[in-house]
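For reference, each letter of the sequence shown is one residue, going 1 to 201 in our numbering.
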Amino acid sequence: MSAHKFNPAKLAKLNHPDRYHRENPEAIWKTLNLTDPRVIVDIGAGTGFFAIPFSRHMPEGVVYACDIADEMLEWLEKNLPAELQGRVIPVKMEERSVPLAAEMADLVFMVNLHHELEDAAAILVETWRLLKPGGKVAIVDWKDEATESGPPVEIRVSESRIRQQLSDAGFGAVRTHRVLPCHHFLEARKPPKQPDTEGKD
Ligand SMILES: C[S@@+](CC[C@H](N)C(=O)[O-])C[C@H]1O[C@@H](n2cnc3c(N)ncnc32)[C@H](O)[C@@H]1O
1 MSAHKFNPAK LAKLNHPDRY HRENPEAIWK TLNLTDPRVI VDIGAGTGFF
51 AIPFSRHMPE GVVYACDIAD EMLEWLEKNL PAELQGRVIP VKMEERSVPL
101 AAEMADLVFM VNLHHELEDA AAILVETWRL LKPGGKVAIV DWKDEATESG
151 PPVEIRVSES RIRQQLSDAG FGAVRTHRVL PCHHFLEARK PPKQPDTEGK
201 D
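Structure follows, in structure tokens:
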């Protein structure tokens, strides 16, 4: 495993209350302004710090909480509130692939993952595959500058690089939301299917 991976032994850090100010799940949810999402895929879900509150906004929907680390998935399984059983589904994924069907997701999101990825391009190909046409991808990760906490600055990824990666993967309508003090927050869209006009005048 790469030296840049989050150490699962420190998973309690992911539930630290400071995060509600710094990476507020409600602010992120509100900013994304989704219309009745039914399926969300969280890549690098950790302890579900985002999957759980997002799921509470989707009583009819499902959040797939995907991670490569068994420790995270086991913790989530054990600590998932009873009312969210079946609404947050832990999924073991590999470094570059997610074992879920194509075109199922309204949103694929990743928080504090980008700087840990061995192959960001491959994860964005997976993201494209998972998204319904018109679906959104959101990437939130540490700004590449000194912040009150976070990973070493040398391994962080710049906003322009993430933008370029999103464009290279085919995503359109790339936007930056400047709502978080220590994090980039980018959103982009898989283009909707063009109406079939063949045979019509
Ligand atoms: C810093 S933690 C962030 C967890 C969660 N997103 C959060 O913000 O609370 C990064 C997580 O990504 C997972 N991870 C690292 N590389 C991954 C990959 N290629 N695919 C899926 N998960 C990955 C790690 O196991 C870890 O749980």
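A virtual CB, placed ideally from N, CA and C, is assigned to each residue, including glycine.
Practice problem: Tell me, please, which residues DSSP counts as bridged to threonine 176. | Solution: Leu186
Self-check item: Segments assigned alpha helix (DSSP H), at least 4 residues, entirely inside the segment 35–118
Solution: 51–56, 70–79
Quiz item: Should tryptophan 142 and proline 151 be called a contact, given that it needs their Cβ atoms to be closer than 8 Å?
Solution: yes
Practice problem: Taking only heavy atoms of ligand 1 into account, decide whether any of them is closer than 7 Å to the Cβ of lysine 92. | Solution: no
Self-check item: Residue from Ala188, Pro191, Cys182 with nearest C-alpha to arginine 19
Solution: Cys182
Quiz item: From Lys78, Lys136, Ser158, pick the residue whose C-alpha is nearest to that of alanine 146; which is it?
Solution: Ser158
Quiz item: Mind checking whether the beta-carbon of glutamate 5 lies closer than 7 Å to any heavy atom of ligand 1?
Solution: Reading off the sequence shown, one finds lysine at residue 5, where the question assumed glutamate. Yes, Cβ of lysine 5 sits closer than 7 Å to a heavy atom of ligand 1.
Quiz item: Where does aspartate 168 fall in DSSP's three states?
Solution: helix
Quiz prompt | Those residues which DSSP pairs with lysine 136 across a bridge | solution = Leu107, Arg189
Practice problem: Report buried or exposed for histidine 184, applying the criterion of at least 16 other Cβ atoms within 10 angstroms of its Cβ. | Solution: buried
Quiz prompt | Near ligand 1: cysteine 66 beta-carbon under 7 Å from a heavy atom | solution = yes
Quiz item: So the alpha helix (DSSP H) isoleucine 28 belongs to, where does it begin and stop?
Solution: 25–32
Self-check item: Cβ-based burial, proline 37 [other Cβ within 10 Å; buried from 16]
Solution: So proline 37 counts as buried.
Quiz item: For leucine 186, which residues from the same chain have a beta carbon less than 6 Å from its beta carbon, with the 5 sequence-adjacent residues on both sides left out?
Solution: A distance below 6 Å between beta-carbons, with the five flanking residues on each side excluded, links leucine 186 to the following residues of its chain, in chain order: Ile139, Ile162, Thr176.
Self-check item: Spatial distance of serine 97 from isoleucine 123 (CA atoms)
Solution: 7 Å
Quiz item: Rounded to a whole number of angstroms, what is the C-alpha to C-alpha distance between leucine 80 and phenylalanine 50?
Solution: 12 Å
Quiz item: Looking at the unbroken alpha helix (DSSP H) that takes in threonine 127, where does it start and where does it end?
Solution: 120–130
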